[in-house]
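All remarks here apply to the structure that follows.
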Amino acid sequence: MEYQTDWLTRFMELVTVTGKLQTRCALGAPWEKKYTQAGPQEIPYHIILTGTALLENSDDGATYELRAGDIVLLPHGSAHVLHDGSGAAPVPSKERVSGSFLVSENGGTGESLDMLCGRFFVAPPHDRLIRSYLPSELVVRTEDYGSAAQSLPQVERLSRLVALMRAEAMDNAVGSGAILNALSSALFALTLRAAGEAGHARTGVLALAAHPRLAPAAAVMFSDPARAWTLPELAGLCCMSRATFMRHFQASLGCSAMDLLTDIRVSTAANALRKSTSSIETVADLVGYQSVSAFGRVFAQRMGMTPGDWRQQALKGGTPQVSDDEADAAGERDRGGE
67 MEYQTDWLTR FMELVTVTGK LQTRCALGAP WEKKYTQAGP QEIPYHIILT GTALLENSDD
127 GATYELRAGD IVLLPHGSAH VLHDGSGAAP VPSKERVSGS FLVSENGGTG ESLDMLCGRF
187 FVAPPHDRLI RSYLPSELVV RTEDYGSAAQ SLPQVERLSR LVALMRAEAM DNAVGSGAIL
247 NALSSALFAL TLRAAGEAGH ARTGVLALAA HPRLAPAAAV MFSDPARAWT LPELAGLCCM
307 SRATFMRHFQ ASLGCSAMDL LTDIRVSTAA NALRKSTSSI ETVADLVGYQ SVSAFGRVFA
367 QRMGMTPGDW RQQALKGGTP QVSDDEADAA GERDRGGE
């Protein structure tokens, strides 16, 4: 059997991500914007349209110099600060409603910044999947600053999307709010693709998918998670010995191949359990478990609740709340997303 190598399509089918533009910042230096830790299902993003900015991530202490065309995603929802870098006391800003989003302005007379800020909203339990397998921040530069990686066609397409978002935000015409939110959703997938192909992620699923020797294993696990994959089979697809495969996989992803496969299966099962017509036995078989008890045990380890409890909450129309502490303690996994 041949398997598709388009892991990103499968990943986006697995998770449910929507986007919303919240604020357009039109600021003059000196300025500063502080953002607290985002909610568990939220991923902040920023797009620098014109001007420059400094990003400081409170979680890992990373600092980035941002320029026009740069896109920033914070998959872990980290608290962060954006400022002009001058060190001067920032001029206070004021917000006003403009159509479907806010406009933040100040009286600064220095270098101007035009920036779009929004959030991606991830349906549970996939927020855990994203925090586990994506880095704490992704920075993609859509303008050409001399880097060969930035001349990728994917980055050029992303640049055109940013230009379209800017035009819609500037015009703020009838329907612009809905259009900007739809474009925000596309922004998520395009940014992941551009970041992965440009080699921006050192570890995590983006690094794994970009690894020329490990990509076949990632592709088959996303394409056919129900199959009883073994380490020798996966290693063989990558033309590696079992030991070499395990070592390279752990180094690239921060966890084992079996951990990734289990998470794909559990996320697939969580989606299926939202359907009232799917019995737990059917869902267990769908994701490769012949034993319902084994499936229930693994599901509870990852999710902190039984499959039945998850389905009951989902079918009531609520948002099943997966406790990080519960699931982490039950799963007993040490996995790095950066």
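Note that our numbering has the sequence shown beginning at 67, numbered continuously upward. Even for Gly, the Cβ is constructed at its ideal location relative to N, Cα and C. It should be emphasised that the depicted structure is a prediction, and the values quoted were computed from it without experimental measurement.
Considering just the uninterrupted stretch of the beta strand (DSSP E) at E171, what are its terminal residues?
Run containing E171: F167 to N172, per the beta strand (DSSP E) assignment.
Going by alpha carbons, who is nearest to A323 out of V358, Y199, L258 and P373?
Ranking the options by Cα distance to A323, first place goes to Y199.
Alpha carbon to alpha carbon, how far is V349 from Q216? Give it in angstroms, no decimals.
At Q216 the pLDDT is 48, less than 50, meaning the model places this residue with poor confidence; the figure from the coordinates comes in the next sentence. The alpha-carbon of Q216 is positioned some 42 Å away from that of V349.
Can you list, in chain order, the residues of its chain with a C-beta nearer than 7 Å to that of L115? Leave out the 5 residues immediately preceding and following it.
Contacts found: A134, D180, M181, L182 and R232.
Can you find a CB in chain D that lies within less than 8 Å of the CB of S225?
Chain labels in this structure do not include chain D; a single protein chain is all it has.
Contacting residues, own chain, Cβ-Cβ under 7 Å from N238 (five flanking each side not counted)
In its chain, beyond the 5 residues on either side, S164 and G165 have a beta carbon closer than 7 Å to the beta carbon of N238.
E347: first and last residue of the uninterrupted alpha helix (DSSP H) it sits in
Looking at the DSSP string, the run of the alpha helix (DSSP H) that includes E347 is I346 to L352.
For A360, count neighbouring C-beta atoms within 10 Å of its own C-beta (all shown protein chains included) and say buried if the count is 16 or more, exposed if not.
That one is exposed.
Beta-carbon separation (whole angstroms), L195 vs V353, contact threshold 8 Å:
Between L195 and V353 a beta carbon distance of about 14 Å is seen, past the 8 Å cut, so the two are scored as non-contacting.
Evaluate V126 with the Cβ neighbour count: other Cβ atoms within 10 Å of its Cβ, from every protein chain shown; 16 or more gives buried, anything less gives exposed.
Checking the sequence, you will find Asp at residue 126 rather than Val. Around the beta-carbon of D126, fewer than 16 other beta-carbon atoms lie within 10 Å, marking it exposed.
If contact is defined by three or more beta carbon pairs under 8 Å, each pair taking one atom from either stretch, is the region 143-163 in contact with the region 74-88?
Taking a cut-off of 8 Å on C-beta distances, the region 74-88 does not touch the region 143-163, as fewer than three cross pairs fall below it.
Using the Cα positions of M306 and L204, report the straight-line distance between them to the nearest angstrom.
The straight-line gap from Cα to Cα measures roughly 30 Å.
Using 8 Å as the threshold, is the C-beta distance between P110 and G143 below it?
P110 is a Cβ neighbour of G143, given a cutoff of 8 Å.
Under 8 Å by Cβ, that's how I've got H146 and L168 pegged, so tell me the actual separation to the nearest angstrom.
With a beta-carbon spacing of about 18 Å, H146 and L168 fall beyond the 8 Å limit used to define contacts.
Using a Cβ-Cβ cut-off of 8 Å (strictly less than) and excluding sequence neighbours within five positions of A267, which residues of its own chain qualify?
Within its own chain, the residues whose Cβ lies closer than 8 Å to the Cβ of A267, once the five positions on either side in sequence are excluded, are L200, P201, L204, A261, A273 and A276, listed in chain order.
Report, in whole angstroms, the separation of the C-beta atoms of L148 and A119, which I expect to be a contact under 8 Å.
Taking 8 Å as the upper bound for CB-CB distance, L148 and A119 are in contact here, some 5 Å apart.
Status (buried if at least 16 other CB within 10 Å, exposed otherwise) for M287:
Buried: at least 16 other Cβ atoms inside 10 Å.
Which residue spans inside the region 72-149 form an unbroken beta strand (DSSP E) run of at least 3?
Those beta strand (DSSP E) runs which fall completely within the region 72-149 and span 3+ residues are 83-94, 98-101, 108-116, 118-123, 129-133, 136-139 and 146-149.
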